[in-house]
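Colleague: My structure is below; once you've seen it, I'll send some questions.
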Amino acid sequence: MFSSLFQRLFGSANERFLKKLKPMVAAINALEPELEKLSDTELQARTNWFRERLKKGETLDNILIEAFATVREASKRTLGLRHFDVQMMGGMILHRGMIAEMCTGEGKTLVATLPVYLNALTGKGVHVVTVNDYLASRDAAEMGRIYNFLGLTVGCILNDLDDDERRTAYAADVTYATNNEIGFDYLRDNMKFRLDDMVLRDFNYAIVDEVDSILIDEARTPLIISGAAEDSSQLYIAVNKLIPHLVPEDYEKDEKARAITLTEIGSQKIEDLLAKSGLMQGGSLYDVNNILLVHHVNQALKAHKLFTRDVDYIVKENKVIIIDEFTGRMMEGRRYSDGLHQALEAKENVEIQMENQTLASITFQNLFRLYKKLAGMTGTAATEASEFGDIYKLEVLTVPTNLPLVRKDHDDEIYRSAEEKYDAIIKLIEERNKLGQPMLVGTTSIEKSELLSSKLRSKNIEHKVLNARHHEQEAAIVAQAGRPYAVTIATNMAGRGTDIKLGGNLEMRIELELSDITDEKERAQRIEALKKEIQEASEFVKNAGGLYVVGTERHESRRIDNQLRGRSGRQGDNGMSKFFLSLEDDLMRIFGSQRLDTWLQKLGLQKGEAIIHPLINKSIERAQQKVEARNYDIRKHLLKYDDVMNDQRKVIYEQRKDIMSQDDVSSAILDMRQDVLETTVRRFIPVNAYPDQWDVDALHEECLRLFSLDLPIAEWAQEEGIADMEIIERISKACDDKIQEKEKLYGSSLLRAAEKGILLRILDQSWKDHLHTLDHLRQGINLRAYAQRDPLNEYKQEAFMLFQEMLVRVREAVTSAIFHLQMQESSEEEIMDAAFEDAEEANRNVTLQRPTLDGEDESSLLTAKKESVANRLMKNRKKTKGSPYEGINRNAQCPCGSGKRYKHCHGKNEENE
1 MFSSLFQRLF GSANERFLKK LKPMVAAINA LEPELEKLSD TELQARTNWF RERLKKGETL
61 DNILIEAFAT VREASKRTLG LRHFDVQMMG GMILHRGMIA EMCTGEGKTL VATLPVYLNA
121 LTGKGVHVVT VNDYLASRDA AEMGRIYNFL GLTVGCILND LDDDERRTAY AADVTYATNN
181 EIGFDYLRDN MKFRLDDMVL RDFNYAIVDE VDSILIDEAR TPLIISGAAE DSSQLYIAVN
241 KLIPHLVPED YEKDEKARAI TLTEIGSQKI EDLLAKSGLM QGGSLYDVNN ILLVHHVNQA
301 LKAHKLFTRD VDYIVKENKV IIIDEFTGRM MEGRRYSDGL HQALEAKENV EIQMENQTLA
361 SITFQNLFRL YKKLAGMTGT AATEASEFGD IYKLEVLTVP TNLPLVRKDH DDEIYRSAEE
421 KYDAIIKLIE ERNKLGQPML VGTTSIEKSE LLSSKLRSKN IEHKVLNARH HEQEAAIVAQ
481 AGRPYAVTIA TNMAGRGTDI KLGGNLEMRI ELELSDITDE KERAQRIEAL KKEIQEASEF
541 VKNAGGLYVV GTERHESRRI DNQLRGRSGR QGDNGMSKFF LSLEDDLMRI FGSQRLDTWL
601 QKLGLQKGEA IIHPLINKSI ERAQQKVEAR NYDIRKHLLK YDDVMNDQRK VIYEQRKDIM
661 SQDDVSSAIL DMRQDVLETT VRRFIPVNAY PDQWDVDALH EECLRLFSLD LPIAEWAQEE
721 GIADMEIIER ISKACDDKIQ EKEKLYGSSL LRAAEKGILL RILDQSWKDH LHTLDHLRQG
781 INLRAYAQRD PLNEYKQEAF MLFQEMLVRV REAVTSAIFH LQMQESSEEE IMDAAFEDAE
841 EANRNVTLQR PTLDGEDESS LLTAKKESVA NRLMKNRKKT KGSPYEGINR NAQCPCGSGK
901 RYKHCHGKNE ENE
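Structure below.
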């Protein structure tokens with residue numbers, strides 16, 4: 001009561017903050033007449049003037065007003081667009097590291113140019129993060145005109161760029177990229193062997209477009225770089241054939257939790273089927289010999305009973321492709337983890353790809369917390385304000401629209417069956433289509449969009465369908481959705497990034513219709529004709545009621561519904577929106593629609609009749625809030641687990657960078673060796689133990705294994721008065737002598753290069769194996785709850801112990817590898833090339849993954865390879881005397897003149913020699 005009274009008297013916190021920004025907006029406006037008088041050259045010179053002021057100690061806040069005024073003037077001259085006052089406010093919010101919630105059509109892309117320019121003046125780089133390649137390239141090209149005019153460089157990261165092109169793009173003052181590209185580049189950078197090969201700079205400042213989609217919707221699943229494990233495709237095929245024999249009584253399905261388990265009857269049935277097929281060893285599915293089989297059965301069960309074709313994935317070109325549940329887009333190159341994707345491939349009878357093993361992984365939550373300053377913009381963030389505050393320390397501020405919102409939002413209509421609901425939707429489309437009113441119909445899956453499309457075809461209503469199958473025409477379809485009589489069916493409209501303008505989109509029509517016209521005069525005439533046509537069409541659509549948005553069901557997140565609804569009523573346009581629901585919809589069914597159905601039958605609701613009441617809307621909103629709260633809990637819970645790995649990841653990645661930055665790592669190697677030596681001796685010669693209690697034979701074997709030293713330890717132990725410290729000193733001296741011999745044999749610089757290559761490679765292999773171990777630990781840790789133990793605390797403790805054990809094994813492996821090192825004549829550069837080549841071979845076939853929420857031939861260097869990476873690759877370099885390829889570096893260009901690297905040309909076959 002008191003809080004609402006306080007708000008009425010003094011305004012909300014949001015209103016009070018915006019009030020503070022108004023004097024700054026007035027100051028920017030006051031500079032406009034002065035800047036309009038400047039020539040282009042004088043306006044452009046202000047960039048260097050700002051930079052000089054920053055070098056002299058002024059802050060970005062000191063120059064904000066003048067910089068924003070400069071960007072506005074540059075925008076007027078290059079794009080013909082003038083920033084509104086509310087856009088200036090949005091820019092200030094973004095500069096302060098907050099989230100600006102701005103309605104669809106308010107020009108968020110243009111708003112970002114203000115803080116981007118200001119922060120790029122520091123020379124530390126600014127990232128603008130978008131949800132897809134199309135938006136990244138479009139925004140970089142359009143907004144890049146402003147930056148280029150003012151003397152800033154612009155880069156754009158696309159999927160098909162090589163490392164050199166990526167490095168150049170990230171080195172620019174402003175870089176546009178998708179969240180996935182930045183994440184995978186970060187992981188790949190931390191698998192490189194040279195600092196010069198890394199593409200990213202230090203994370204400075206990022207503005208995330210569609211911030212709710214990236215930091216909320218996609219935060220539950222990490223980015224994973226994985227490599228191939230063993231091939232078990234035949235087992236997937238065999239198990240897949242058994243699942244259709246199961247009936248609903250054989251399993252329990254929880255759609256809320258997206259989980260499925262076999263019942264006791266189901267377990268018995270699957271055991272019998274496995275036994276008959278000869279797949280099972282022993283009498284029970286849960287025998288230790290059948291652990292792998294249990295995993296395959298569970299994944300096949302999920303594939304058949306939880307995942308639906310054309311909803312969760314599609315089959316295209318003999319491949320199973322995931323569909324993003326939030327945007328309806330195909331996720332090319334992404335695969336479900338833990339064997340689920342293979343199970344789906346077996347189900348759909350397409351080629352089964354090999355399983356993968358995690359090489360590197362990070363969540364978006366931890367990736368974006370690496371930035372020194374982070375900001376975001378979207379049309380829908382207020383509903384998730386608490387999550388943004390808790391996890392990212394980002395405050396959400398709502399920016400008012402430039403013109404009042406006049407869209408009419410009708411109450412939901414609820415029907416008993418889906419069939420009645422679709423009939424009502426078709427009837428509404430028919431009515432409004434006769435008036436020429438454009439309709440945008442939002443669906444939640446491909447299956448439902450195609451069902452609706454078939455119904456419209458039967459009524460001879462012309463329409464366009466936008467879903468994952470027609471992904472390539474996305475921008476063109478959306479851009480023309482505001483033309484008279486247009487009917488557009490689209491899966492989730494999140495992050496489409498293309499404005500729906502009433503009457504049609506001029507730029508898109510010029511691109512589509514006038515691209516072949518080269519005559520300037522004719523082109524100008526045609527453009528004028530198009531402008532006139534679109535103006536007339538716009539007036540027609542406004543008179544018909546504006547864009548009508550129809551939702552075919554409620555999404556589990558209010559934000560997705562608001563994104564769809566927000567497509568109508570942009571920039572003061574008129575429009576309408578209405579959602580149609582049925583008791584058979586997923587959200588209604590999961591939240592107890594059976595009781596509501598019984599109640600409606602008692603009230604005598606007839607077929608084809610709908611319930612329309614604001615109270616029902618509030619009830620549905622409460623159900624959505626419950627789902628949102630539950631999803632937030634899941635994300636928060638997953639983050640707590642990932643934070644454990646994140647702390648370890650930071651340690652490993654910082655160590656790698658430190659190693660790569662040094663030419664000489666011998667001091668670190670010496671510390672490792674000394675630690676391994678003391679630990680080893682203490683294992684066989686305990687403190688204060690008598691000589692007759694020493695296990696000298698075992699110590700001798702360990703010295704042979706670890707240090708390749710055949711030492712007379714048994715004789716030393718017979719000496720009178722000898723102490724354990726003297727044994728350590730003698731072994732240490734023998735180690736020093738052996739390293740000095742290697743230095744004389746190979747040269748100091750060559751040995752230092754070999755040490756560095758070995759250290760990096762073993763650290764990487766150990767980290768990969770550690771990730772594999774943590775994956776297994778994470779999968780089973782929840783069982784500790786049955787013993788009244790907190791799974792998270794148990795995970796933290798065990799993960800820490802495993803990390804400590806990994807570091808011990810790294811020290812042993814590195815020490816042993818160096819002492820067993822043998823090299824032929826070579827150079828320092830070739831040694832590092834050899835290490836680099838090994839990493840490149842390991843990473844050549846990596847897969848970029850977005851796994852499921854649940855969440856493969858282990859090889860290891862931890863047993864200390866007798867033959868080093870460098871030595872093995874040196875063998876591959878043997879050439880015939882007098883050959884033009886003799887002594888050629890594998891990463892150099894081939895002497896044959898093909899332009900390829902030697903290893904990919906005439907050196908390709910040497911790997912098998």
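Take 1 as the starting number for the sequence shown in the UniProt record's numbering and just add one per residue.
Glycine residues also receive a C-beta, built at the ideal position from the N, C-alpha and C atoms.
With a threshold of 6 Å on Cβ separation, who are the neighbours of residue 491 within its own chain once the five nearest residues in sequence on each side are excluded?
Modeller: 328, 443, 449 and 467
Colleague: According to DSSP, what are the bridge partners of residue 755?
Modeller: Answer is none; residue 755 lacks a bridge partner.
Colleague: Exposed or buried, residue 870, counting other C-beta atoms within 10 Å across all chains shown (16 or more means buried)?
Modeller: Caution applies to residue 870, whose pLDDT of 31 falls short of 50 and renders its modelled position unreliable; the model cannot decide the point.
Colleague: Using C-beta distances below 7 Å, list every residue in its chain close to residue 340, excluding the 5 sequence neighbours before and after it, in chain order.
Modeller: 299, 302, 303 and 852
Colleague: Please go through the UniProt domain "Helicase ATP-binding" (89-247) and give each complete alpha helix (DSSP H) segment of 4 or more residues, from N-terminal end onward.
Modeller: 108-120, 133-149, 163-171, 179-189 and 233-240
Colleague: Are residue 513 and residue 557 close, meaning C-beta to C-beta below 7 Å?
Modeller: no
Colleague: Tell me which same chain residues have a C-beta within less than 6 Å of the C-beta of residue 19, skipping the five on either side of it?
Modeller: Taken in chain order, the list of residues that qualify is empty.
Colleague: Would you mind reading off the limits of the beta strand (DSSP E) that contains residue 795?
Modeller: Counting along the chain, residue 795 falls outside any beta strand (DSSP E), though it belongs to the alpha helix (DSSP H) covering 791-819.
Colleague: Near residue 864, what residues of its chain come up, given a Cβ to Cβ distance below 6 Å and the 5 sequence neighbours on each side ignored?
Modeller: The predicted position of residue 864 is uncertain, since its pLDDT is 29 and thus under 50; a value taken from the coordinates is nonetheless stated next. Apart from the 5 residues on each side of it in sequence, residue 864 sits with its Cβ closer than 6 Å to the Cβ of 813, 816 and 817 in its chain, given in chain order.
Colleague: Leaving out five residues on either side along the sequence, give the residues of the same chain with a beta carbon under 6 Å from the beta carbon of residue 842.
Modeller: Reliability of the predicted coordinates at residue 842 is poor, the pLDDT of 44 falling under 50, and the value obtained from them is presented with this limitation in mind. Taken in chain order, the list of residues that qualify is empty.
Colleague: Buried or exposed: where does residue 608 fall if 16 or more other Cβ atoms within 10 Å of its Cβ makes it buried?
Modeller: exposed
Colleague: Would you list the residues sitting across from residue 398 in a DSSP beta bridge?
Modeller: 101
Colleague: For residue 746, which of helix, strand or coil comes out of DSSP?
Modeller: Three-state DSSP puts residue 746 in a helix.
Colleague: Going by other Cβ atoms of all chains shown within 10 Å of its Cβ, with 16 needed for buried, is residue 800 buried or exposed?
Modeller: exposed
Colleague: If I measure Cβ to Cβ from residue 700 and keep anything under 6 Å in the same chain, skipping five residues before and after, which residues do I get?
Modeller: 713
Colleague: Can you grab the Cα-Cα spacing for the pair residue 438 / residue 566, in whole Å?
Modeller: 15 Å
Colleague: Could you please give the first and the last residue of the uninterrupted alpha helix (DSSP H) stretch that includes residue 266?
Modeller: 264-277
Colleague: Could you please give the first and the last residue of the uninterrupted beta strand (DSSP E) stretch that includes residue 441?
Modeller: 439-443
Colleague: Is residue 919 near residue 659, with beta carbons less than 7 Å apart?
Modeller: No answer is possible for residue 919: the residues shown for the chain start at 1 and end at 913.
Colleague: Who pairs with residue 577 in a beta bridge, going by DSSP?
Modeller: 409 and 549
Colleague: Could you tell me which residues DSSP puts in a beta bridge with residue 254?
Modeller: 259
Colleague: Pull up the distance between the alpha-carbon of residue 312 and that of residue 306, whole angstroms please.
Modeller: 9 Å
Colleague: Touch check for the region 372-382 and the region 98-117: three-plus C-beta pairs under 8 Å?
Modeller: Output reads yes: the region 98-117 touches the region 372-382.
Colleague: Tell me the DSSP secondary structure of residue 515 in three-state form.
Modeller: coil
Colleague: Quick test of the definition: if touching needs 3 or more C-beta pairs under 8 Å, does the region 68-82 touch the region 145-156?
Modeller: yes
Colleague: Assign residue 738 to one of three DSSP states: helix, strand, or coil.
Modeller: Helix, per DSSP.
Colleague: Is it a yes or a no for the region 96-103 touching the region 172-188, going by three-plus beta-carbon pairs under 8 Å?
Modeller: no
Colleague: Could you tell me whether the region 206-219 touches the region 123-143, using the rule of 3 or more Cβ pairs below 8 Å?
Modeller: The region 206-219, when compared against the region 123-143, does touch it at the 8 Å Cβ threshold.
Colleague: Counting Cβ pairs, one atom from each stretch, are 3 or more of them under 8 Å apart for the region 22-39 and the region 123-130?
Modeller: no
Colleague: Roughly how many angstroms lie between the CA atoms of residue 414 and residue 606, to the nearest whole one?
Modeller: The alpha-carbon atoms of residue 414 and residue 606 are separated by roughly 12 Å.
Colleague: Going by the DSSP bridge assignment, what does residue 308 pair with across the sheet?
Modeller: DSSP, once it has assigned bridges, lists no residue as partnering residue 308.
Colleague: Can you tell which of 736, 477 and 483 has the C-alpha that lies nearest to the C-alpha of residue 537?
Modeller: Ranking 736, 477 and 483 by Cα distance to residue 537 puts 483 first.
Colleague: Out of curiosity, what's the CA-to-CA distance linking residue 877 and residue 822?
Modeller: Confidence at residue 877 is low in this model, with a pLDDT of 34, below 50, so the placement of that residue is unreliable and no value is reported for it.
Colleague: Specify the secondary structure class of residue 572 as computed by DSSP and reduced to three states.
Modeller: helix
Colleague: Whole angstroms are fine: how far does the CA of residue 334 sit from the CA of residue 580?
Modeller: 33 Å
Colleague: Could you give the distance in angstroms between the alpha-carbon of residue 186 and the alpha-carbon of residue 767?
Modeller: 16 Å
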